[in-house]
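Chemist:
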Amino acid sequence: MVMLTKETMQATALVTANYSDIMFIIRRRYFSLSSTEKLRKAKRKKVIDLAAYPPEKIRNFGIVAHVDHGKSTLADRLLELTGVVDKNSHVSQMLDKLQVERERGITVKAQSCTMVHKDYMLNLIDTPGHADFSFEVSRSLAATNGILLLVAANQGVEAQTVANFWLAFEAGLTIIPVINKIDLKSANVPRVISQMQNLFDFSPSEILYISAKNGTGIGNVLDAIVERLPPPKVELHLPLRAHIFDSWYETHRGPMVSVAIYDGAILRGQRIRTYHTDCVYEVLVVGIMSPNMHEVECLYAGQVGYLLTTMKSVKDAVVGETLYDVNSERSMVQPIPLLTPSAPCIYASIYPTDVREYSALRVALYKLALNDSSVQIQHDSSIALGSGFKIGFSGLLHMEVFCARLEQEYDANVTITAPSVEYRAVIKNNSTIIKKRYNGQHVIRLLDASDFPAYPSDIDHFLEPIIKLTLFLSSAYCEYIERLCVDARGEQVAM
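Numbering-wise (my numbering), the sequence shown opens with residue 2 and increments by one.
1. With H, G and I counted as helix, E and B as strand and the rest as coil, what does DSSP make of residue 475?
2. With residue 445 and residue 457 assumed to form a contact (beta carbons below 8 Å), what rounded beta-carbon distance in angstroms separates them?
3. My output table needs one value for residue 201: the three-state DSSP class, helix, strand or coil.
4. Please identify the residue among 430, 404 and 464 whose C-alpha is closest to the C-alpha of residue 419.
5. Kindly list the residues whose CB is nearer than 6 Å to the CB of residue 337, restricted to its own chain and excluding five residues on each side of it in sequence; keep chain order.
6. Kindly give me the distance between the Cβ atoms of residue 262 and residue 302, rounded to whole angstroms, as I take these residues to be in contact under 8 Å.
7. If you scan the segment 169-243 from start to end, which runs of the beta strand (DSSP E) of 3 or more residues do you find wholly inside it?
8. Would you say residue 376 and residue 399 are within 9 Å of each other, going by their C-beta atoms?
9. Can you find the residues in the same chain that come closer than 6 Å, C-beta to C-beta, to residue 242, ignoring five residues on each side of it along the sequence?
10. Buried or exposed for residue 484, going by 16 or more other Cβ atoms inside 10 Å?
11. Between which two residues does the alpha helix (DSSP H) harbouring residue 81 extend?
12. Beta-carbon within less than 7 Å of residue 371's beta-carbon, same chain only, minus the 5 sequence neighbours each way: which residues are those?
13. Would you report the Cα separation of residue 406 and residue 432, rounded to the nearest angstrom?
14. Determine the contact status of residue 168 and residue 65, defining contact as a CB-CB distance below 9 Å.
15. Three Cβ pairs or more, each shorter than 8 Å: is that satisfied between the segment 148-164 and the segment 340-350?
16. Would you tell me roughly how many angstroms separate the C-alpha atoms of residue 59 and residue 473, rounded to the nearest one?
17. Have a look at 182, 394 and 363 and flag the residue whose alpha-carbon is nearest the alpha-carbon of residue 413.
18. Does the beta-carbon of residue 181 have 16 or more other beta-carbons within 10 angstroms, so that it is buried, or is it exposed?
19. Assign residue 350 to one of three DSSP states: helix, strand, or coil.
20. Using only the heavy atoms of the ligand GTP, determine whether one of them is closer than 8 Å to the beta carbon of residue 340.
21. Determine the burial state of residue 61: buried for a count of at least 16 other Cβ atoms within 10 Å of its Cβ, exposed for fewer.
22. Tell me which same chain residues have a C-beta within less than 8 Å of the C-beta of residue 205, skipping the five on either side of it?
23. Where does the unbroken beta strand (DSSP E) through residue 117 begin, and where does it stop?
24. Could you pull the start and end residues of the alpha helix (DSSP H) that residue 258 belongs to?
25. Quick check on residue 238: buried or exposed, where buried means 16 or more other Cβ atoms within 10 Å of its Cβ?
26. Any idea what DSSP makes of residue 368, helix, strand or coil?
27. Could you give the first and the last residue of the continuous alpha helix (DSSP H) run that contains residue 402?
28. Cα-Cα, which of 160, 170 and 156 is closest to residue 187?
29. Straight-line CA distance for residue 428 to residue 437?
30. Looking only at its own chain, which residues have a Cβ that is under 8 Å from the Cβ of residue 452, when we skip the five neighbours before and after it?
31. Are there 16 or more other CB atoms within 10 angstroms of the CB of residue 172, so buried, or fewer, so exposed?
32. Do residue 246 and residue 73 have their CB atoms nearer than 9 Å?
33. Can you name the residues that DSSP bridges to residue 520?
34. When the distance is taken between beta carbons, is residue 409 closer than 9 Å to residue 392?
35. Quick check on residue 250: does DSSP put it in helix, strand or coil?
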């Protein structure tokens with residue numbers, strides 16, 4: 002609080018013209034300090050006592066759905082109902098933290114958040130819905146024991162609904178079906194129930210019916226998570242074994258990793274070893290996301306959180322890596338299987354507009370790739386544009402989002418070439434030519450014209466990407482869809 006002495010008041014009174022202005026400034030500073038203090042007190046929320054939640058009191062779950070079926074809105078309502086965020090905050094997409102996510106209204110990066118409901122710790126991992134980010138979904142599901150399969154009542158089951166169902170089913174996860182947007186006039190709940198019965202064998206009695214927008218049925222979702230999802234299969238008394246399921250780079254701090262603790266516990270100051278790369282690091286910071294970072298002393302078996310270690314390079318934070326205590330015998334550690342990203346579908350080259358920015362662009366690309374493991378980066382060069390990078394993406398949206406993040410997060414000014422797909426040239430069966438001209442490779446990858454063999458006569462034939470596709474559609478559209486497939490040189494196998 003600002004105090005005025007008698008002498009100050011008397012001196013100020015001599016300058017009557019400025020007195021009211023001075024008092025206004027003093028009062029404004031006083032109230033500003035008060036508001037700041039109130040905000041600090043509001044932020045000093047009681048941190049969850051992680052030791053109070055044994056594995057049987059923990060539920061790790063994800064939300065999966067097609068694009069625009071309401072994942073982020075449902076996540077917002079769950080955070081509000083469990084008291085993680087204020088209902089009057091009027092902030093939507095709490096777990097969509099990237100600028101590009103808020104601009105496009107889509108989830109790009111999986112995010113985790115810890116909450117409490119009925120003495121149970123719930124660790125939510127929100128996931129993307131677009132097919133271009135399916136690897137993001139796969140690695141997130143590796144840290145969960147069950148999912149909410151969300152379907153919009155006005156849109157019904159769509160492509161990524163089916164794809165995500167099978168990802169979860171093949172991973173052995175418990176699936177809770179949820180129909181969202183039941184409040185819409187265009188909602189057709191009976192049709193969606195029929196789809197979920199026919200495609201996924203769900204009974205109507207196990208389906209939850211909600212409106213994430215107005216909060217209808219959200220309490221039932223929380224109860225179902227507690228009652229129907231299994232606890233994590235972990236052992237608290239065993240030595241540490243943890244799994245890195247995400248990573249990102251923070252300026253002034255370095256590589257950060259999201260971890261799921263399978264066995265034992267991890268403490269600040271503990272020395273850990275990576276199973277696959279066999280490197281030793283010290284744990285500097287341990288914390289949970291709720292929804293922002295909260296530092297804690299320890300993470301226990303079954304829990305999900307983040308770590309800051311003595312890792313220096315972005316290449317050290319390998320997604321899928323297994324962590325264990327430095328004093329444990331490596332032969333006694335059962336590693337968590339590594340997830341391998343699918344091969345890129347398209348390729349594009351990125352060049353700095355200023356050749357002097359090549360090194361800065363290289364650093365930015367690898368930092369961003371730490372947070373997006375499905376991209377592939379290799380050096381590239383062009384006579385016209387100079388040195389740059391050839392980057393593989395999962396699809397056009399993936400490329401657009403990656404380039405937008407490159408500009409927004411690293412202020413990179415780049416030139417991006419038109420995307421292309423990979424072709425392959427099969428060399429004629431001549432061992433001498435194959436060994437002499439193609440380093441023993443019988444099949445040559447062609448990512449652009451510069452990769453084309455110097456001797457066209459060496460080529461036996463070319464290969465191009467194809468896809469085996471199963472279509473689910475109304476009979477009313479069969480003729481039109483068949484025409485589209487034929488135009489794309491598609492061949493019908495069965496109907």
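All residues carry an ideal CB built from backbone N, CA and C; glycine is no exception. Quantities reported herein were computed from a predicted structural model and do not represent experimental measurements.
Modeler: With the given structure in hand:
1. On the sequence shown, residue 475 is found 474 positions in, with the first residue counted as 1. Taken through DSSP and simplified to helix, strand or coil, residue 475 comes out as coil.
2. What you label residue 445 is simply residue 444 of the sequence shown in a count that begins at 1. What you label residue 457 is simply residue 456 of the sequence shown in a count that begins at 1. The pair is not a contact, with the Cβ atoms about 12 Å apart (cut-off 8 Å).
3. For the purposes of this step, residue 201 is taken as residue 200 along the sequence shown, with counting starting at 1. Residue 201 carries a helical assignment under DSSP once its states are collapsed to helix, strand and coil.
4. Counted from its first residue, the sequence shown places residue 419 at position 418. The residue from 430, 404 and 464 with its alpha-carbon nearest to that of residue 419 is 404.
5. Start at 1 with the first residue of the sequence shown, and residue 337 comes out as number 336. Only 244 and 323 meet the Cβ criterion.
6. The sequence position of residue 262 within the sequence shown is 261, counting from 1. The sequence position of residue 302 within the sequence shown is 301, counting from 1. 5 Å between Cβ atoms; contact.
7. 175-181, all fully within the segment 169-243.
8. To locate residue 376, count along the sequence shown from 1; it is residue 375. To locate residue 399, count along the sequence shown from 1; it is residue 398. Going by C-beta atoms, residue 376 is nearer than 9 Å to residue 399.
9. Taking the sequence shown and counting its residues from 1, the one referred to as residue 242 is at position 241. Hits under 6 Å: 263, 264 and 325.
10. Within the sequence shown, numbered from 1, the residue matching residue 484 stands at position 483. It counts as exposed.
11. Position 80 of the sequence shown, counted from the first residue, corresponds to residue 81. Residue 81 -> alpha helix (DSSP H) spans 72-82.
12. The sequence position of residue 371 within the sequence shown is 370, counting from 1. Take residue 371, set aside five residues on each side of it, and the residues of its chain with a beta-carbon closer than 7 Å to its own are 248, 249, 250, 256, 315 and 318, in chain order.
13. As a first step, residue 406 is located in the sequence shown; it is residue number 405 there, counting from the start. As a first step, residue 432 is located in the sequence shown; it is residue number 431 there, counting from the start. Whole-angstrom Cα-Cα distance: 46 Å.
14. Working through the sequence shown from its first residue, we reach residue 168 at position 167. Working through the sequence shown from its first residue, we reach residue 65 at position 64. By the CB criterion at 9 Å, residue 168 and residue 65 fall inside the cutoff.
15. Because the criterion of three Cβ pairs below 8 Å is not met, the segment 148-164 and the segment 340-350 do not touch.
16. Counting from one through the sequence shown, the residue named residue 59 turns up at place 58. Counting from one through the sequence shown, the residue named residue 473 turns up at place 472. The straight-line gap from Cα to Cα measures roughly 38 Å.
17. Counting from 1 along the sequence shown, the entry for residue 413 is found at position 412. Selected option, being the one with the closest Cα: 363.
18. Taking the first residue of the sequence shown as position 1, residue 181 is located at position 180. Flag for residue 181 reads buried.
19. The count along the sequence shown starts at 1 and reaches residue 350 at position 349. In the structure shown, residue 350 adopts extended strand secondary structure according to DSSP, grouped into three states.
20. With respect to the ligand GTP, the structure shown offers nothing to examine, as it has no ligands at all.
21. Residue numbering aside, residue 61 sits at position 60 when the sequence shown is read from its first letter. Buried is the label assigned to residue 61, since at least 16 other Cβ atoms lie within 10 Å of its Cβ.
22. The sequence position of residue 205 within the sequence shown is 204, counting from 1. Same-chain partners within the cutoff: 194 and 198.
23. In the sequence shown, residue 117 corresponds to position 116, counting from 1. Element bounds for residue 117: 112-118.
24. Numbered from its first residue, the sequence shown carries residue 258 at position 257. That residue, residue 258, is in no alpha helix (DSSP H); its beta strand (DSSP E) goes 255-264.
25. Counting from 1 along the sequence shown, the entry for residue 238 is found at position 237. Residue 238 should be labelled exposed.
26. As a working note, residue 368 is residue 367 in the sequence shown. Looking at residue 368 - three-state DSSP - the assignment turns out to be helix.
27. Along the sequence shown, read from residue 1 onward, the residue named residue 402 stands at position 401. Run containing residue 402: 397-411, per the alpha helix (DSSP H) assignment.
28. Position 186 of the sequence shown holds residue 187. The candidate whose alpha carbon is nearest that of residue 187 is 156.
29. The count along the sequence shown starts at 1 and reaches residue 428 at position 427. The count along the sequence shown starts at 1 and reaches residue 437 at position 436. Cα to Cα, the separation comes out at about 12 Å.
30. By 1-based counting over the sequence shown, the position of residue 452 is 451. Apart from the 5 residues on each side of it in sequence, residue 452 sits with its Cβ closer than 8 Å to the Cβ of 445 and 446 in its chain, given in chain order.
31. Counting from one through the sequence shown, the residue named residue 172 turns up at place 171. Around the beta carbon of residue 172, fewer than 16 other beta carbons lie within 10 angstroms, which makes this residue exposed.
32. The count along the sequence shown starts at 1 and reaches residue 246 at position 245. The count along the sequence shown starts at 1 and reaches residue 73 at position 72. No. Outside cutoff.
33. Lying outside 2 to 496, the shown extent of the chain, residue 520 is not represented and no answer is given.
34. The sequence position of residue 392 within the sequence shown is 391, counting from 1. The sequence position of residue 409 within the sequence shown is 408, counting from 1. Contact: no.
35. Here residue 250 corresponds to residue number 249 of the sequence shown, with the count starting at 1. Here residue 250 sits in strand by DSSP.
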